[in-house]
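Enquirer: Handing you this structure, nothing more for now.
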Amino acid sequence: MRVKTIHLKRISIDETENWFTFIKDQNFPAGNQDMDIAQQVKLFRKALTSINVYELQFSPLKGFPADCCEIASYLLAKFLTEELGLENVMMVRGENPHEITQRHVWLKIDGMDIDITANQFPTTNKIFFVENNSQWHKQFNVFEELTGDFDYLYDRYEDQVSTDYLLILSNLKSFSAITI
(Lines of atoms letter the chains of each structure in order from A and count residues from 1; the text may use other names and numbers.)
(Lines give C-alpha, C1' and ligand atoms only; values in the text may rest on other atoms or scores of the structure.)
Protein backbone atom coordinates (compact mmCIF):
# COMPACT_ATOMS: atom_id res chain seq x y z
CA MET A 1 0.00 0.00 0.00
CA ARG A 2 1.37 3.36 -1.02
CA VAL A 3 0.92 6.30 1.32
CA LYS A 4 1.06 9.81 -0.03
CA THR A 5 2.19 12.57 2.29
CA ILE A 6 0.72 15.97 1.64
CA HIS A 7 2.25 19.11 3.02
CA LEU A 8 -0.20 21.95 3.35
CA LYS A 9 0.97 25.51 3.47
CA ARG A 10 -0.66 27.17 6.46
CA ILE A 11 -1.99 30.57 5.60
CA SER A 12 -2.16 33.09 8.36
CA ILE A 13 -4.97 35.53 8.89
CA ASP A 14 -2.40 38.29 8.31
CA GLU A 15 -2.02 37.07 4.73
CA THR A 16 -5.74 37.58 4.11
CA GLU A 17 -6.20 40.92 5.86
CA ASN A 18 -5.56 42.94 2.73
CA TRP A 19 -8.02 40.89 0.72
CA PHE A 20 -10.50 43.73 0.27
CA THR A 21 -7.73 45.92 -1.19
CA PHE A 22 -6.80 43.05 -3.51
CA ILE A 23 -10.40 42.76 -4.72
CA LYS A 24 -10.67 46.50 -5.33
CA ASP A 25 -7.44 46.42 -7.37
CA GLN A 26 -8.87 43.88 -9.82
CA ASN A 27 -10.34 46.66 -12.02
CA PHE A 28 -13.80 45.19 -12.38
CA PRO A 29 -16.22 47.29 -14.42
CA ALA A 30 -17.50 50.17 -12.33
CA GLY A 31 -21.18 50.76 -11.78
CA ASN A 32 -22.43 47.20 -12.08
CA GLN A 33 -22.35 45.56 -8.66
CA ASP A 34 -24.15 42.44 -9.95
CA MET A 35 -21.38 41.92 -12.52
CA ASP A 36 -18.72 42.42 -9.84
CA ILE A 37 -20.42 39.85 -7.62
CA ALA A 38 -20.76 37.41 -10.53
CA GLN A 39 -17.05 37.70 -11.28
CA GLN A 40 -16.13 37.23 -7.63
CA VAL A 41 -18.42 34.19 -7.37
CA LYS A 42 -16.84 32.74 -10.51
CA LEU A 43 -13.35 33.27 -9.08
CA PHE A 44 -14.37 31.80 -5.73
CA ARG A 45 -15.75 28.67 -7.38
CA LYS A 46 -12.64 28.33 -9.51
CA ALA A 47 -10.46 28.70 -6.41
CA LEU A 48 -12.43 25.96 -4.66
CA THR A 49 -12.35 23.56 -7.60
CA SER A 50 -8.61 24.15 -8.09
CA ILE A 51 -7.80 22.61 -4.72
CA ASN A 52 -6.50 19.07 -4.97
CA VAL A 53 -9.11 16.79 -3.41
CA TYR A 54 -6.45 15.28 -1.14
CA GLU A 55 -5.73 18.71 0.35
CA LEU A 56 -9.32 19.31 1.43
CA GLN A 57 -9.82 18.72 5.14
CA PHE A 58 -13.63 18.73 5.35
CA SER A 59 -14.61 15.51 3.57
CA PRO A 60 -18.01 16.61 2.17
CA LEU A 61 -16.16 19.12 -0.05
CA LYS A 62 -14.23 16.31 -1.74
CA GLY A 63 -17.25 15.49 -3.93
CA PHE A 64 -17.88 19.09 -4.98
CA PRO A 65 -20.39 20.10 -6.26
CA ALA A 66 -22.46 17.05 -5.28
CA ASP A 67 -23.89 16.86 -1.77
CA CYS A 68 -22.02 19.87 -0.43
CA CYS A 69 -24.31 22.79 -1.25
CA GLU A 70 -24.57 23.87 2.39
CA ILE A 71 -20.84 23.92 3.15
CA ALA A 72 -20.05 25.53 -0.22
CA SER A 73 -22.73 28.17 0.39
CA TYR A 74 -21.38 28.74 3.89
CA LEU A 75 -17.82 29.27 2.60
CA LEU A 76 -19.06 31.57 -0.15
CA ALA A 77 -21.17 33.54 2.35
CA LYS A 78 -18.12 33.89 4.58
CA PHE A 79 -16.13 35.24 1.63
CA LEU A 80 -18.86 37.64 0.48
CA THR A 81 -19.44 39.07 3.96
CA GLU A 82 -15.98 39.01 5.52
CA GLU A 83 -13.80 39.70 2.50
CA LEU A 84 -16.08 41.77 0.25
CA GLY A 85 -18.10 43.42 2.99
CA LEU A 86 -21.49 42.52 1.50
CA GLU A 87 -24.52 42.66 3.76
CA ASN A 88 -27.93 40.98 3.74
CA VAL A 89 -26.50 37.60 2.75
CA MET A 90 -29.13 34.94 3.33
CA MET A 91 -28.67 31.17 3.23
CA VAL A 92 -31.74 29.56 1.68
CA ARG A 93 -32.79 25.94 2.13
CA GLY A 94 -35.31 24.50 -0.27
CA GLU A 95 -36.93 21.20 -1.18
CA ASN A 96 -38.10 19.99 -4.57
CA PRO A 97 -41.83 19.19 -4.18
CA HIS A 98 -41.60 16.60 -6.98
CA GLU A 99 -38.66 14.79 -5.38
CA ILE A 100 -39.07 15.12 -1.62
CA THR A 101 -35.62 13.71 -0.96
CA GLN A 102 -34.04 16.44 -3.10
CA ARG A 103 -33.01 19.41 -1.02
CA HIS A 104 -30.74 22.28 -1.94
CA VAL A 105 -29.00 25.22 -0.28
CA TRP A 106 -27.94 28.47 -1.95
CA LEU A 107 -27.44 32.13 -1.11
CA LYS A 108 -29.65 35.12 -1.72
CA ILE A 109 -28.63 38.78 -1.51
CA ASP A 110 -31.40 41.35 -1.99
CA GLY A 111 -33.35 39.11 -4.38
CA MET A 112 -30.27 37.81 -6.21
CA ASP A 113 -29.83 34.03 -6.15
CA ILE A 114 -26.18 32.96 -5.83
CA ASP A 115 -25.39 29.28 -6.23
CA ILE A 116 -22.08 27.53 -6.94
CA THR A 117 -23.36 23.94 -6.72
CA ALA A 118 -26.43 23.96 -8.98
CA ASN A 119 -24.65 21.88 -11.60
CA GLN A 120 -24.90 18.84 -9.33
CA PHE A 121 -28.45 18.58 -10.70
CA PRO A 122 -29.25 17.43 -14.24
CA THR A 123 -31.95 20.12 -14.60
CA THR A 124 -29.44 22.89 -15.34
CA ASN A 125 -26.39 23.23 -17.52
CA LYS A 126 -25.20 26.33 -15.66
CA ILE A 127 -22.07 25.95 -13.58
CA PHE A 128 -23.12 28.71 -11.20
CA PHE A 129 -25.94 31.22 -10.76
CA VAL A 130 -25.81 34.90 -9.95
CA GLU A 131 -29.29 35.97 -11.05
CA ASN A 132 -32.10 38.11 -9.76
CA ASN A 133 -34.99 35.80 -8.84
CA SER A 134 -33.64 32.80 -10.73
CA GLN A 135 -36.33 30.73 -12.45
CA TRP A 136 -34.34 27.56 -11.80
CA HIS A 137 -34.39 28.11 -8.02
CA LYS A 138 -38.16 28.57 -8.05
CA GLN A 139 -38.52 24.78 -8.41
CA PHE A 140 -37.59 24.52 -4.72
CA ASN A 141 -40.05 25.23 -1.93
CA VAL A 142 -38.09 27.33 0.54
CA PHE A 143 -38.45 25.95 4.05
CA GLU A 144 -35.76 27.98 5.82
CA GLU A 145 -33.93 31.27 5.36
CA LEU A 146 -30.96 32.01 7.61
CA THR A 147 -29.32 35.39 8.04
CA GLY A 148 -26.46 36.69 10.12
CA ASP A 149 -23.40 34.79 11.22
CA PHE A 150 -23.42 31.24 9.89
CA ASP A 151 -20.29 30.09 11.75
CA TYR A 152 -22.35 28.11 14.26
CA LEU A 153 -23.28 25.67 11.48
CA TYR A 154 -19.75 24.28 11.41
CA ASP A 155 -18.46 24.87 14.97
CA ARG A 156 -17.77 21.18 15.33
CA TYR A 157 -15.55 21.17 12.23
CA GLU A 158 -13.99 24.61 12.71
CA ASP A 159 -10.37 23.52 12.15
CA GLN A 160 -11.13 21.58 8.97
CA VAL A 161 -13.43 24.22 7.51
CA SER A 162 -11.04 27.06 8.38
CA THR A 163 -8.16 25.25 6.69
CA ASP A 164 -10.21 24.74 3.53
CA TYR A 165 -11.36 28.36 3.56
CA LEU A 166 -7.77 29.57 3.80
CA LEU A 167 -6.82 27.28 0.89
CA ILE A 168 -9.56 28.92 -1.17
CA LEU A 169 -8.29 32.39 -0.25
CA SER A 170 -4.77 31.35 -1.17
CA ASN A 171 -5.97 30.18 -4.59
CA LEU A 172 -7.87 33.43 -5.05
CA LYS A 173 -4.65 35.34 -4.47
CA SER A 174 -2.89 33.21 -7.08
CA PHE A 175 -5.56 34.17 -9.62
CA SER A 176 -4.73 37.88 -9.26
CA ALA A 177 -3.24 38.01 -12.75
CA ILE A 178 -6.17 36.21 -14.38
CA THR A 179 -8.45 38.20 -16.63
CA ILE A 180 -12.00 36.96 -16.78
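With this note's numbering as the guide, the letters of the sequence shown map in order to residues 1495 to 1674. All C-beta atoms in this analysis are idealised placements derived from N, C-alpha and C, irrespective of residue type, glycine included.
(1) Take residue 1662 and list the residues in its own chain whose beta-carbon comes closer than 8 Å to its own, dropping the five residues that flank it on each side.
(2) Residue 1643 by DSSP, collapsed to three states: which one?
(3) To the nearest angstrom, how far is it from the Cα of residue 1555 to the Cα of residue 1564?
(4) Measuring CA to CA, which of 1561, 1553, 1601 is closest to residue 1636?
(5) Where do the N-terminal and C-terminal ends of the alpha helix (DSSP H) with residue 1667 fall, by residue?
(6) From the DSSP secondary-structure annotation, give me the bridge partner or partners of residue 1623.
(7) Do the region 1621–1637 and the region 1649–1664 touch if we need at least three Cβ pairs shorter than 8 Å?
(8) If you draw a straight line from the C-alpha of residue 1587 to the C-alpha of residue 1534, how long is it?
(9) Classify residue 1537 as helix, strand or coil using the three-state DSSP reduction.
(10) Could you check where the beta strand (DSSP E) with residue 1603 kicks off and where it finishes?
Expert: Let me lay it out:
(1) The sequence position of residue 1662 within the sequence shown is 168, counting from 1. For residue 1662, where only same-chain residues beyond five positions count, the Cβ hits under 8 Å are 1538, 1541, 1542, 1545, 1569, 1573.
(2) As a working mapping, residue 1643 is identified with position 149 in the sequence shown. Of the three classes helix, strand and coil, the one that applies to residue 1643 here is coil, per DSSP.
(3) Your numbering for residue 1555 matches position 61 in the sequence shown. Your numbering for residue 1564 matches position 70 in the sequence shown. A straight line joining the alpha-carbon of residue 1555 with that of residue 1564 spans about 10 Å.
(4) In the sequence shown, residue 1636 corresponds to position 142, counting from 1. Among 1561, 1553, 1601, the Cα nearest to that of residue 1636 is on 1601.
(5) Here residue 1667 corresponds to residue number 173 of the sequence shown, with the count starting at 1. Boundaries of the alpha helix (DSSP H) harbouring residue 1667: 1652–1668, taken from the DSSP string.
(6) As a working mapping, residue 1623 is identified with position 129 in the sequence shown. According to DSSP, which records beta bridges pairwise, residue 1623 is partnered with 1609.
(7) no
(8) Your numbering for residue 1587 matches position 93 in the sequence shown. Your numbering for residue 1534 matches position 40 in the sequence shown. Annotation: residue 1587 to residue 1534 spans about 22 Å, alpha carbon to alpha carbon.
(9) As a working note, residue 1537 is residue 43 in the sequence shown. Residue 1537: helix per DSSP, three-state reduction.
(10) Here residue 1603 refers to the residue found at position 109 when the sequence shown is read from its first residue. 1597–1603 is the extent of the beta strand (DSSP E) around residue 1603.
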